[in-house]
Amino acid sequence: MTDTAMIEVRHVKKSFGTLAVLKDMSVTVPRGGVVSLIGPSGSGKSTLLRCLNLLAIPDEGRIRIGTHVMEFGKGHRMPKDRDLAAFRSKVGMVFQSFNLFPHMSVVQNVMEGPVTVLGRGRDEAREDALRLLDKVGLRDKAEAYPDRLSGGQKQRVAIARALAMNPEVMLFDEATSALDPELVGEVLTVVRQLAAEGMTMVLVTHEIAFARDVAETVIFMRDGYVVEEGPARQVIDAPREAATRTFLSHFHRGTSSPAPA
Amino acid sequence: MPYEWDFSFLIQYSRLIAVGAAYTIGFTILTAISGFTVGGLIAMVRLSGTRLVALPLMAVMEVFRCTPVLVQLVWVYYALPILTGVELAPSTAAFITLTLYGASFFAEIIRGGITSIDLGQWDAGRALGMRRGALMRRIVLPQALKRMIPPLVNQVVLQLKNTSLLSVLAVPDLLYQGQLITSATYKPLETYTMIAVIYFIILFPLTTLAYGLEKKLAR
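Sequences listed follow chains A and B, in order.
Going left to right, the first sequence walks through residues 3 to 263 as this note's numbering numbers them.
Going left to right, the second sequence walks through residues 47 to 265 as this note's numbering numbers them.
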């Protein structure tokens, strides 16, 4: 369905001190693909996501995003600040706790990347930012400061801020976990819209129903390994592995049949 | 017989007192700026994590934090020239001492302000592709400076009071002028009362400002 892979993770390992969090991870995401990472906390899914934009630097392995390749481990030097920054500017990330810049207005938050990192002109960047805010339904909040926004609005601004860099890939790290239940929908709507536009995305999520709905592929991780990987509906509705079944049994899935015991 | 207070004689010393106030304020401003600059550099080095440079710096800082300014002043003026062979003018020695003393406290305030910024802010800046300098300048420092203002103002208040110790090196600050006037008039009560009032007049607005800022920024 797609020509080449957009994201290629090969044999990535990552430890924090003596704790091995990722033990030989390999993942491929096709161009325009949407992959959801699920698994219990401590399974390494957030670390994997952070490795994808090098907020966590892998100890070993190879990561390719688009045409940008980074290799780690023996024979490879620690990447320089400049190389890390260049790589990250191509990868958008949305965080669980939003991490908007509180000292900037909404539109300034969205302009910040293009102006500071890409050196774009303020007027041009502002226009783009307003267009993106329109897209996430927050044009009228452009001059507000983050502390005036609801969680759902904050997260939509954060998505616009990431999109402003024109990323090749978007990463969502439990983007709805900090939201009140009634605010989850508005964020998921934006994510669904991005998927429809063909954005390549990796989502770490606890929204199992959403993962099943939006992702083509679901990867179930545990203890730093991939336990099961496959088409979203298959993994969630009919998991092959016992560990996946056990994990999924903790979730109520609104639309589909009750979880098997 | 009760003591007869009489402040009128101080009028003739108003020029002397003005010069003293100018020295006190001037030294405070100069050493606040130089101390903040040096302190900022120390904080950056400590945060950058190069321990080889950071450890000796921390050692020097601790010496300045854990000894009295008066001892430092005397030591820099009398002992340092013996070690280095370079004579220092009293005001130079005073400037060096107050700069380093201030820097050792400013460094901690600045470092504390920077480390108080949520790690998510660093993540967000990095994720946009910001390099270290831009991250500091655009994201971290604007937020950190706001939190640093109240303790920085407090430190400047202390710095101003510490300038009174410069009198031991015969730098003509407010207190030294007071001593001069006292030895000429034998009226220490009025003179030192007057000096104290002047310190208060200079500092009270500053502490009020610090208090106000603290309340405003605490929201």
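Built from N, CA and C at the ideal position, the CB exists for glycine as well.
A straight-line Cα-Cα distance of about 54 Å links residue 206 of chain B and residue 72 of chain A. Short of 7 Å from the beta carbon of residue 127 of chain A, and not among the five residues preceding or following it, lie these beta carbons of its own chain, in chain order: 113, 116 and 117. The C-alpha of residue 70 of chain B is placed about 6 Å away from the C-alpha of residue 209 of chain B.
Interface annotation, residue 196 of chain B: not in contact with chain A, CB-CB separation never under 9 Å. Near chain B, meaning a CB-to-CB distance below 9 Å, the residues of the region 43-68 of chain A are 52, 55, 56 and 57. Using a 10 angstroms sphere on the CB of residue 175 of chain A, the tally of other CB atoms reaches 16 or more, which defines it as buried.
Contacts between residue 173 of chain B and chain A, judged by CB atoms closer than 7 Å, involve 55, 57, 90 and 95 in chain order.
Sorting A:196, A:201, A:32 and A:61 by C-alpha distance to the C-alpha of residue 19 of chain A places A:61 at the top. Across the region 154-188 of chain B, CB contacts with chain A closer than 7 Å involve 166, 167, 169, 170, 172, 173, 174, 175, 176, 177, 178, 180, 184, 185 and 188, in sequence order along the chain. Between residue 53 of chain A and residue 14 of chain A the beta-carbon gap is near 6 Å, inside 8 Å, which marks them as a contact. Exclusion of the five residues before and after residue 26 of chain A leaves 13 and 15 as the residues of its chain whose Cβ lies within less than 7 Å of its Cβ. Between the region 230-242 of chain B and the region 149-165 of chain B, the count of C-beta pairs closer than 8 Å stays below three; the two stretches do not touch. Shown here, residue 179 of chain A sits in coil according to DSSP, grouped into three states, outside any helix or strand. Taking a Cβ-Cβ cut-off of 8 Å, the neighbours of residue 104 of chain A in chain B comprise 189, given in sequence order.
Taking C-beta separations shorter than 8 Å and ignoring five residues to either side along the sequence, the partners of residue 192 of chain B in its chain run 263, following chain order. Non-local beta-carbon contacts of residue 51 of chain B in its own chain, meaning distances under 8 Å to residues more than five positions away in sequence, involve 235 and 236 in chain order. In this structure, residue 201 of chain A lies near residue 34 of chain A, with their beta-carbon atoms less than 9 Å apart. Residue 173 of chain B and residue 213 of chain B have their C-alpha atoms roughly 54 Å apart. Residue range 7-18 is occupied by the beta strand (DSSP E) that includes residue 17 of chain A. Counting C-beta pairs with one atom in each stretch, the region 236-244 of chain A and the region 194-214 of chain A have three or more that are closer than 8 Å, which means they touch.
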